[in-house]
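Numbering (the numbering used here), first residue to last: -18 to 64. The beta carbon of each residue, even a glycine, is placed where N, CA and C say it ideally should be.
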């Protein structure tokens, strides 16, 4: 949730919190709304999907390779080992 720090963050399962966030967003001053929107637009311009994808690929390159692939169990073998 660090991508858009100026957004009104809510837990969609928290009805009271959601209601409070909607009220805050609807009653924020025009100056504050513009500041938040400018901040979020700048972030989206700087960190677009191409930059995100490059960051994911770079992170994956940092993951060490396994010496051998994980063993694949047949369904009946998995049941026996878990019993």
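Short check: CB of residue -9 to CB of residue 2, under 8 Å?
yes
For residue 12 and residue 18, I'd like the C-alpha separation in whole angstroms.
10 Å
Specify the secondary structure class of residue 37 as computed by DSSP and reduced to three states.
helix
Helix, strand or coil, according to DSSP, for residue -16 in the structure here?
coil
Skipping 5 residues on each side, what residues in its chain have a beta carbon closer than 7 Å to that of residue 24?
-16, -15
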